[in-house]
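K.L.:
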Amino acid sequence: MADGRPHGRATSLPIPAPAGRGRLPWPLRLGILLAAALVCVLSVVFGVVQPGVADGNGLPWLVGHLAALVAAGLIWWLAPTATPGWVIVGYALAETAYMWAYGVDAGWLWPLLMSISVLPGVALVWLALAFPAGRLRRGFDRRLVITASVYLVTYAIVTLLVTPNHVLDASHERSRYAVLAAGDVADVLGRVHAGVMGAFAVVVAGVVLLRWARSSGAARQVAFIMPVAFVLWLVIGVAWSLVRLGGWPEHLRLFVEDLNAFSVVLVPAAYATGLIRMRTIRARAVDLVQTGQLSETGHDRWDGAVKTVLGDRTARLVWPGSQRTTDRDPRGRAMSSVGDADAPLVYIEHDAALLDNPQLLRSVSASLRIMIDNERLTAELRHSLREVSRSRLRIVQAADEARRRAERDLHDGSQQQLFSVALRLRMASDAARADGQLALADGLETTIDQLASAIKELRELARGLHPALLAEGGLVPAIAELGRRCTVVTRVTVELRERPGQLIEATVYYVVSECLANVTKYSGASSCEVVVSDDPDGGLRVVVADDGVGGADPARGSGLRGLADRVDAVGGTMRVESPVGAGTVVSIHLPG
Numbered sequence: 006m007a008d009g010r011p012h013g014r015a016t017s018l019p020i021p022a023p024a025g026r027g028r029l030p031w032p033l034r035l036g037i038l039l040a041a042a043l044v045c046v047l048s049v050v051f052g053v054v055q056p057g058v059a060d061g062n063g064l065p066w067l068v069g070h071l072a073a074l075v076a077a078g079l080i081w082w083l084a085p086t087a088t089p090g091w092v093i094v095g096y097a098l099a100e101t102a103y104m105w106a107y108g109v110d111a112g113w114l115w116p117l118l119m120s121i122s123v124l125p126g127v128a129l130v131w132l133a134l135a136f137p138a139g140r141l142r143r144g145f146d147r148r149l150v151i152t153a154s155v156y157l158v159t160y161a162i163v164t165l166l167v168t169p170n171h172v173l174d175a176s177h178e179r180s181r182y183a184v185l186a187a188g189d190v191a192d193v194l195g196r197v198h199a200g201v202m203g204a205f206a207v208v209v210a211g212v213v214l215l216r217w218a219r220s221s222g223a224a225r226q227v228a229f230i231m232p233v234a235f236v237l238w239l240v241i242g243v244a245w246s247l248v249r250l251g252g253w254p255e256h257l258r259l260f261v262e263d264l265n266a267f268s269v270v271l272v273p274a275a276y277a278t279g280l281i282r283m284r285t286i287r288a289r290a291v292d293l294v295q296t297g298q299l300s301e302t303g304h305d306r307w308d309g310a311v312k313t314v315l316g317d318r319t320a321r322l323v324w325p326g327s328q329r330t331t332d333r334d335p336r337g338r339a340m341s342s343v344g345d346a347d348a349p350l351v352y353i354e355h356d357a358a359l360l361d362n363p364q365l366l367r368s369v370s371a372s373l374r375i376m377i378d379n380e381r382l383t384a385e386l387r388h389s390l391r392e393v394s395r396s397r398l399r400i401v402q403a404a405d406e407a408r409r410r411a412e413r414d415l416h417d418g419s420q421q422q423l424f425s426v427a428l429r430l431r432m433a434s435d436a437a438r439a440d441g442q443l444a445l446a447d448g449l450e451t452t453i454d455q456l457a458s459a460i461k462e463l464r465e466l467a468r469g470l471h472p473a474l475l476a477e478g479g480l481v482p483a484i485a486e487l488g489r490r491c492t493v494v495t496r497v498t499v500e501l502r503e504r505p506g507q508l509i510e511a512t513v514y515y516v517v518s519e520c521l522a523n524v525t526k527y528s529g530a531s532s533c534e535v536v537v538s539d540d541p542d543g544g545l546r547v548v549v550a551d552d553g554v555g556g557a558d559p560a561r562g563s564g565l566r567g568l569a570d571r572v573d574a575v576g577g578t579m580r581v582e583s584p585v586g587a588g589t590v591v592s593i594h595l596p597g
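Per the numbering used here, the sequence shown runs over residues 6 to 597.
If you want it as structure tokens, here you go:
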């Protein structure tokens with residue numbers, strides 16, 4: 006696998022369409038179910054309830070078929086395909102032919118109804134084999150259903166030709182389709198038919214049980230429902246066939262007939278129950294894949310969760326570009342791709358039996374796709390945030406370096422030149438005064454005073470850009486100088502084990518400077534305290550507190566917002582507590 010792709014053909018697992026898309030609208034489906042239920046009720050009323058028509062097993066039959074229609078509605082709601090629901094509706098309607106036949110005692114209709122009543126059995130075979138995918142996935146299943154269908158149609162035609170009289174009364178009008186008058190032929194055919202259908206049922210039950218035994222853990226959690234229901238239906242059918250042979254107590258015969266009439270609901274109900282169970286497992290799939298194994302690292306992060314959800318301890322994720330290959334026996338294994346078929350995000354190697362549960366695989370696939378995309382987007386976002394943080398830090402560093410450079414240029418260049426000019430002017434003033442040119446000397450003195458004022462302002466500007474005291478002596482003398490210059494009484498405490506880096510040092514200085522400026526301008530405080538100390542958790546802690554009017558809000562002023570941005574740019578945090586009337590406390594934590 007030089008290209009990182011697994012050997013063999015992978016099954017693509019697209020994200021499933023929402024349930025119900027492309028189907029009949031719900032009102033129409035509900036109307037179909039109600040109409041089918043009405044047909045079932047009318048068939049019982051017409052064929053059973055009328056006095057003297059039947060021996061009274063219409064109620065179990067009706068309850069069973071109405072329950073089957075309810076199951077059809079659930080299947081329409083839950084299944085990815087509507088076919089199983091239509092099969093159940095068709096089965097229930099075809100079964101009514103048997104009831105209608107009870108109420109028809111003459112003419113061409115009743116023999117046809119009796120023949121039609123033998124056909125619906127193939128529907129239960131189809132449901133058992135198509136569960137849970139809603140379609141026949143194997144060639145053997147299709148051949149079995151086709152064989153059963155051909156046989157039942159053949160038997161229905163033969164029954165039509167050999168049944169001599171009405172099913173309820175031999176004295177009734179002879180069937181107009183019968184070509185043989187011997188009633189024994191129909192009895193023999195009925196017994197043979199019971200045996201053949203029993204054999205079919207045994208084969209189907211064997212297939213369903215074998216498939217369940219070979220399925221994986223998660224598939225077994227769902228698939229066990231159908232074998233149990235089908236075997237139970239088979240046992241009831243065999244018991245009913247034995248009762249029909251005669252020799253059984255009357256009460257037992259009636260009980261088995263009622264049980265057989267009601268057993269029609271077993272397979273449809275098992276189908277619907279299995280779909281409900283599958284939906285529960287799919288919901289758990291999303292939760293487990295999204296929350297499972299998050300403490301692990303690398304591409305194996307979700308392996309454990311996928312194994313748990315699929316119930317397949319041999320399942321694993323194979324990532325494109327990895328060197329993981331299918332080195333085990335490929336028989337009984339399957340490979341399903343997650344994402345686009347041409348560029349899958351990952352492959353799921355699993356038991357081939359899970360292909361019978363495509364909805365579970367699709368749910369796991371969809372959840373994995375979301376989580377992988379989320380991880381990729383999260384990684385990209387974190388990378389972007391790191392780049393933004395680095396960029397902000399570079400900007401702050403560049404700004405501080407520019408301030409230092411400007412301060413040096415002012416101190417070593419412009420300020421020194423002004424000092425030289427002032428010195429020359431002083432010499433000129435002294436010379437003029439010695440020559441008696443008092444007016445000129447006074448003018449030069451005025452110019453010298455103005456120049457001294459300009460030098461002082463230039464010195465203040467240089468100190469604001471980057472104070473020389475900070476560069477030379479560090480935070481202790483620089484913060485103390487800020488406290489002395491503040492017009493509010495300020496107590497300064499600086500306790501540091503070692504001198505921090507230039508960037509952190511400059512940040513502390515400008516934060517304290519801005520906070521003291523705010524105290525002077527806005528707080529109305531009588532005293533203020535500045536504390537700069539080592540934080541027990543590492544880094545530096547800066548607290549500026551005053552006893553002023555409070556009410557400071559970073560959202561309303563650019564000064565505090567600017568401080569917060571600068572602190573954040575170097576990886577620190579800032580908190581402002583300023584209740585109205587209770588002063589303001591600005592707390593800052595900076596990395597060491």
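Just so it is clear, CB atoms sit at the ideal spot from N, CA and C, and this is done for glycine as well.
#1: What would DSSP say about D378, mapped onto helix, strand or coil?
#2: Can you give me the start and stop residues for the beta strand (DSSP E) that S120 sits inside?
#3: With which residues is D440 paired in a DSSP beta bridge?
#4: In its own chain, which residues sit with a C-beta less than 6 Å from the C-beta of W66, not counting the 5 before and 5 after it?
#5: Would you mind giving the Cβ-Cβ distance between L130 and V233, rounded to the nearest angstrom? I have them listed as a contact below 8 Å.
#6: Taking the C-alpha atoms as reference points, what is the distance between W217 and T278?
#7: How about V123 and L157: are their beta carbons less than 8 Å apart?
#8: Check the C-beta distance from Y276 over to L132 and give it rounded, since I have them as a contact under 8 Å.
#9: By the three-class DSSP mapping on this structure, what secondary structure does S342 have?
#10: Return the Cβ separation of G139 and T88 in integer angstroms, given the expectation that the two are a contact with Cβ distance under 8 Å.
#11: On the criterion of 16 or more Cβ atoms from any shown chain inside 10 Å, does P584 qualify as buried, or is it exposed?
#12: Quick one: residues in its chain with C-beta nearer than 7 Å to the C-beta of V92, no 5 flanking neighbours on either side, listed in chain order?
#13: Please report the straight-line C-alpha distance between L508 and Y514, rounded to a whole angstrom.
#14: Is the stretch 29-48 touching the stretch 234-242, taking contact as three or more C-beta pairs under 8 Å?
#15: Classify I162: buried if its beta carbon has 16 or more other beta carbons within 10 angstroms, exposed otherwise.
#16: Using a 10 Å radius around the Cβ and a threshold of 16 neighbouring Cβ atoms, would you call L382 buried or exposed?
#17: Can you give me the start and stop residues for the beta strand (DSSP E) that T492 sits inside?
#18: In the structure shown, what three-state DSSP assignment does L501 receive?
#19: Going along the chain, which residues of its own chain have a beta-carbon closer than 7 Å to the beta-carbon of Y182, five neighbours each way excluded?
#20: Would you check if the stretch 568-581 and the stretch 535-542 touch, i.e. whether three or more CB-CB distances between them fall below 8 Å?
#21: Closer than 8 Å by C-beta to A485: which residues in its own chain qualify, once you throw out the five before and the five after it? Chain order, please.
#22: Does G448 pass the burial test, meaning 16 or more other C-beta atoms within 10 Å, or should it be called exposed?
#23: Excluding sequence positions up to five away, which residues of its chain have a Cβ less than 6 Å from the Cβ of V49?
#24: Hey, quick one: how far does the beta strand (DSSP E) through S592 stretch, first residue to last?
#25: If you reduce the DSSP assignment to three classes, tell me which class V535 lands in.
#26: So, using beta-carbon positions, are L360 and A84 closer together than 8 Å?
#27: Buried or exposed: T101, going by 16 or more other Cβ atoms within 10 Å of its Cβ?
#28: Answer with buried or exposed for A587, where buried requires no fewer than 16 other C-beta atoms within 10 angstroms of its C-beta.
#29: Based on Cα-Cα distance, which residue from D552, H70, C520 and P596 lies nearest to P3?
P.N.:
To lay it out plainly:
#1: Along the sequence shown, one-based indexing puts residue 378 at 373. Reduced to three states, the DSSP call for D378 is helix.
#2: Here residue 120 corresponds to residue number 115 of the sequence shown, with the count starting at 1. Looking at the DSSP string, S120 is not in any beta strand (DSSP E); the run it does join, the alpha helix (DSSP H), is L114 to I121.
#3: The count along the sequence shown starts at 1 and reaches residue 440 at position 435. Answer is none; D440 lacks a bridge partner.
#4: By 1-based counting over the sequence shown, the position of residue 66 is 61. Cβ within range, chain order: A266.
#5: Against the sequence shown, residue 130 aligns to sequence position 125. Against the sequence shown, residue 233 aligns to sequence position 228. First, the amino acid is wrong: residue 130 is Val here, not Leu. Incorrect: roughly 16 Å between the Cβ atoms, too far for contact.
#6: Mapped onto the sequence shown, residue 217 falls at position 212. Mapped onto the sequence shown, residue 278 falls at position 273. Roughly 16 Å between the two C-alpha positions.
#7: Numbered from 1 along the sequence shown, position 118 holds the residue referred to as residue 123. Numbered from 1 along the sequence shown, position 152 holds the residue referred to as residue 157. The answer is yes: Cβ separation under 8 Å.
#8: To locate residue 276, count along the sequence shown from 1; it is residue 271. To locate residue 132, count along the sequence shown from 1; it is residue 127. Yes, they are in contact, since the Cβ atoms of Y276 and L132 sit about 6 Å apart, within 8 Å.
#9: Translated into positions along the sequence shown, residue 342 becomes position 337. Three-state DSSP puts S342 in a strand.
#10: Taking the sequence shown and counting its residues from 1, one reaches residue 139 at position 134. Taking the sequence shown and counting its residues from 1, one reaches residue 88 at position 83. That belief holds up - the Cβ atoms of G139 and T88 are roughly 5 Å apart, short of 8 Å.
#11: By 1-based counting over the sequence shown, the position of residue 584 is 579. Result: exposed.
#12: Taking the first residue of the sequence shown as position 1, residue 92 is located at position 87. Only A128, W131 and L132 meet the Cβ criterion.
#13: Taking the first residue of the sequence shown as position 1, residue 508 is located at position 503. Taking the first residue of the sequence shown as position 1, residue 514 is located at position 509. Those two C-alpha atoms are separated by around 10 Å.
#14: no
#15: As a working mapping, residue 162 is identified with position 157 in the sequence shown. It is exposed - the Cβ of I162 has fewer than 16 other Cβ atoms within 10 Å.
#16: Numbered from 1 along the sequence shown, position 377 holds the residue referred to as residue 382. The residue in question, L382, is exposed, as its Cβ has fewer than 16 Cβ neighbours within 10 Å.
#17: Translated into the one-based positions of the sequence shown, residue 492 becomes position 487. Run containing T492: none; DSSP gives neither H nor E here.
#18: The count along the sequence shown starts at 1 and reaches residue 501 at position 496. Three-state result, L501: coil.
#19: Numbered from its first residue, the sequence shown carries residue 182 at position 177. Around Y182: P116, L165 and L166.
#20: no
#21: Here residue 485 is taken as the residue at index 480 of the sequence shown, counted from 1. So the qualifying residues of the chain are V497 and V499.
#22: Taking the sequence shown and counting its residues from 1, one reaches residue 448 at position 443. The residue is exposed, with fewer than 16 neighbouring Cβ atoms inside 10 Å.
#23: By 1-based counting over the sequence shown, the position of residue 49 is 44. So the list reads G63, L67 and M104, once near-sequence residues are dropped.
#24: As a working mapping, residue 592 is identified with position 587 in the sequence shown. Looking at the DSSP string, the run of the beta strand (DSSP E) that includes S592 is T589 to L595.
#25: Indexing the sequence shown from 1 puts residue 535 at position 530. Three-state result, V535: strand.
#26: As a working mapping, residue 360 is identified with position 355 in the sequence shown. As a working mapping, residue 84 is identified with position 79 in the sequence shown. Their beta carbons are not under 8 Å apart, which means L360 does not touch A84 by this criterion.
#27: In the sequence shown, residue 101 corresponds to position 96, counting from 1. Buried.
#28: Looking up residue 587 in the sequence shown gives position 582. Looking at its Cβ environment, which holds fewer than 16 other Cβ atoms inside 10 Å, A587 is exposed.
#29: Nothing about residue 3 can be read from this structure; the chain reaches only from 6 to 597.
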